[in-house]
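A quick write-up on the structure given underneath.
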Amino acid sequence: MLVDIVVKWVVLMLVDIVVKLVVLMLVDIVVKWVVLMLVDIVVKWVVLMLVDIVVKWVVLMLVDIVVKWVVLMLVDKVVKWVVLMLVDIVVKWVVLMLVDIVVKWVVLMLVDIVVKWVVLMLVDIVVKWVVLMLVDVVVKWVVLMLVDIVV
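Each position in the sequence shown, counted from 1, maps to that position plus 23 in this note's numbering.
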């Protein structure tokens, strides 16, 4: 009776420790990698689409208003049309290229850092807790059954 209890307790403790360590390491690696890949792809795509649309529209509106106003004030009525067309094409293209490159890079870096950190923290907490609970229940039950059979 006493031997039965001691053996069960020792076996349960050893199995508990080993299985939890192995399962947590595997879950940690696999889940973090999968979640990070999904977050990376989805969030970057969504953010880039939003940044592309909003920033381009705002920049184009500002460029349109400010540059056209300045150019019209300085240029004669004859040259206005030609200058406005050139300004529209060249400035918009240059500004959009710069905005595209700089804003996308900054947003991607921020998204990468913040989202990965938040997701990793949540995954760490939730997955470890769930895995520990499952391992605790299943392993103890299996070990008790095996010990009962052996002893």
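Even glycine gets a Cβ: it sits at the ideal position worked out from N, Cα and C.
So, with DSSP's three-state summary, where would you put residue i?
i	result
residue 60	helix
residue 24	coil
residue 170	helix
Counting only the same chain and skipping the five closest in sequence on each side, list residues whose C-beta sits under 8 Å from that of residue i.
i	result
residue 71	127, 130, 131
In or out: residue i buried (at least 16 other Cβ within 10 Å) or exposed?
i	result
residue 158	buried
So, at 6 Å on beta carbons, what are the nonlocal neighbours of residue i in its own chain, with the 5 sequence-adjacent residues on each side left out?
i	result
residue 82	118, 122
Looking only at its own chain, which residues have a Cβ that is under 7 Å from the Cβ of residue i, when we skip the five neighbours before and after it?
i	result
residue 27	174
residue 154	46, 47, 50
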